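A short worksheet on the structure shown next.
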Amino acid sequence: RGLRSSAGMAPGAPGMEDDALAGNRLFLLGQESIKVPFKFQSFDAEPESAATESSQGMGDSGLHLRARTVAVHFVNTEDGSSAGVLHVSVRPRAMIVSRTFRFQAPAHDFFKARLPPPPGWPTRDANGDPCMAVRASDPAVAAGVAEHSASVRASASAAAAGTSASAGFGVGAEEITLRYKCGGPPDGPASTSFYVCVYADRFLGTLAAVWRVFVHAVPRVDISALVGQTMHTSIVVPGGSATRRIAAFSSHPDELQVAPDRLVLPSGALTEVQLAFRPLVPGRLDTMVHLVDLERRELVHSRLVSTDARAPTVSKTFEVDLCLGVRAHKKITYTNPYPRARAFYLRCTHPLLLHFRPDRLDLPANGSRPMGLTFEPAEAWVAVTRGGGGAAEVLVFINDEEDATEECFRIRVIAANSHSA
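The sequence shown stops at residue 428 when you use our numbering, and every number in between is there.
Here's what the structure looks like:
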């Protein structure tokens with residue numbers, strides 16, 4: 008019944024299939040004939056070597072595409088005699104990949120991903136039940152369909168309120184989940200690929216999309232710091248068979264800097280690269296560091312930096328009202344608490360919206376000096392408040408010569424709707 012519905016065929020008579028079918032057994036009366044449907048489905052994909060050859064223009068000639076013949080035997084259950092043999096010729100066709108994903112995950116760790124379903128396909132049937140199904144070509148990949156986190160929260164809120172949230176579910180209420188245990192040198196390959204088949208029904212009758220997923224296992228380094236201050240660490244990069252001129256790139260250069268960003272990687276030697284992590288917001292973030300050959304334009308080395316930023320301790324809180332089209336200038340007096348002269352550096356979490364004058368305070372022993380703050384007009388803070396018109400918060404850090412936070416101020420920025428102060 009499910010296959011008929013997914014294939015768009017008219018449903019059979021009620022109760023007929025239950026009376027005539029029992030597993031792989033078929034009950035027939037004398038001189039009765041019936042059409043027996045066949046379904047061939049294989050999740051065997053081409054191996055990595057064949058995939059490389061196909062990408063290089065070798066064509067589709069793998070074992071997974073080789074024609075084969077499947078024999079179907081009809082056996083009389085009373086005496087075990089053969090009632091007929093049917094040979095089914097199977098000629099598989101190559102998968103038509105609608106989308107390709109590339110992920111980088113820590114080596115020897117679990118790769119987890121949540122992807123949106125293919126557009127244009129409903130994720131729930133007329134009764135509000137999930138109808139999608141997922142299969143992966145690699146048996147080591149756990150693929151499934153789960154509710155979107157926002158849908159889960161909406162369902163929990165509706166349950167707490169005593170209402171039903173099923174009416175809000177529709178396209179996008181589900182997500183495709185993938186889980187895979189990454190290997191990595193020397194125990195396993197540095198990268199792997201597999202196919203993901205997304206079906207529009209739970210009987211795997213209607214193929215909605217085929218995805219190809221690449222997972223690259225890279226070494227990981229962990230680093231933790233307080234928001235506003237810098238934490239330093241280093242990584243060791245092995246050299247290859249030849250000397251290379253390397254450029255270093257960070258996926259989040261505003262928080263993670265690589266020094267030096269241009270270097271020479273000697274062959275057969277180890278090179279130390281410095282990392283400086285200065286977070287702007289608290290939370291966890293995975294940052295990629297790539298080393299690229301400047302001459303050949305190819306990737307030489309990758310490193311996944313798992314960062315953990317902790318919120319600082321706020322000593323004082325201020326409030327500033329901003330007007331449209333007008334910059335605001337404020338002053339905050341800071342006192343050197345040490346019995347000797349010190350230099351302090353001023354930084355903030357929104358350097359494009361808040362400027363210091365000067366950005367360095369040279370204070371004598373127990374001396375005081377006002378630090379000037381210039382705020383951009385109110386309309387520039389709309390992105391920080393996400394258009395809600397509420398108050399935005401910016402943290403001001405007073406750091407020492409080693410970039411350690413001496414004190415942290417919180418400033419609540421209130422954007423006015425008119426030119427009134």
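In this text, a Cβ means the ideal position worked out from N, Cα and C, and glycines have one as well.
All values reported here derive from a predicted model rather than from experimental measurement.
Beta-carbon spacing of residue i, residue j below 8 Å
i, j, result
"E262", "P286", "yes"
"K337", "L380", "yes"
"V280", "R252", "no"
"R209", "C138", "yes"
"Y341", "M378", "yes"
"K188", "F117", "yes"
"A372", "N343", "yes"
"S105", "W218", "yes"
Residue range of the unbroken beta strand (DSSP E) whose run includes residue i
i, result
"D229", "227-233"
"P455", "Summary: the structure shown does not reach residue 455, with the chain confined to residues 8 through 428, and so no result is reported for it."
"V271", "269-272"
"R310", "306-317"
"N134", "First-last for N134: undefined, no H or E at that position."
"R142", "140-143"
"P113", "106-113"
"I183", "181-188"
"Q236", "From DSSP, Q236 is part of no beta strand (DSSP E); its letter is neither H nor E."
"N406", "398-406"
"L370", "367-370"
"Y345", "Here Y345 belongs to no beta strand (DSSP E), and DSSP marks it neither H nor E."
Closest residue to residue i among the options (Cα-Cα distance)
i, options, result
"R354", "R347, P365, A348, P346", "P365"
"E414", "T130, G235, A335, V333", "G235"
"F416", "F382, A385, V321, D407", "V321"
"S241", "V222, K46, Q264", "Q264"
"D407", "R367, E326, A387, A372", "R367"
"F45", "V312, V79, V299, D315", "V79"
"T278", "V243, L361, V312, R304", "V243"
"R419", "V141, L402, R142", "L402"
"A200", "F221, F382, A112", "Just to set this straight, residue 200 is Ser in the shown sequence, not Ala. Of F221, F382, A112, the residue nearest in Cα terms is F221."
"P289", "A266, E154, T314, A255", "T314"
"H223", "A150, P267, A197, D86", "A197"
Own chain residues within Cβ distance below 6 Å of residue i, not counting five before or after
i, result
"S3", "Past the edges of the chain, shown from 8 to 428, lies residue 3, and the structure says nothing about it."
"T356", "L287, V401, L402"
Same chain, Cβ closer than 8 Å to residue i, neighbours up to 5 away in sequence not counted
i, result
"R32", "T84"
"E302", "R251, R252"
"V159", "Here V159 scores only 43 on pLDDT, less than 50, and its place in the model should not be relied on; the value that follows carries that caveat. Cβ within range, chain order: n/a, list empty."
"V97", "F47, A74, R75, T76, V77"
"A423", "D328, L329, C330, L331, A385"
"S62", "At S62 the pLDDT is 46, less than 50, meaning the model places this residue with poor confidence; the figure from the coordinates comes in the next sentence. Within the same chain, S62 has no close Cβ partners at all."
"V92", "A78, V79, H80, F81"
CB contact check: residue i to chain D, cutoff 8 Å
i, result
"E386", "Absent here is chain D; the protein component of the structure consists of one chain."
Contacts around residue i, its chain only, beta-carbon distance under 7 Å, and the 5 residues preceding and following it disregarded
i, result
"W388", "L329, L360, A399, V420, A422"
"E60", "Because E60 carries a pLDDT of 45, less than 50, the predicted location of this residue cannot be relied on, and the following value inherits that uncertainty. Result list for E60: empty, nothing under 7 Å."
"L233", "R317, P319, T412"
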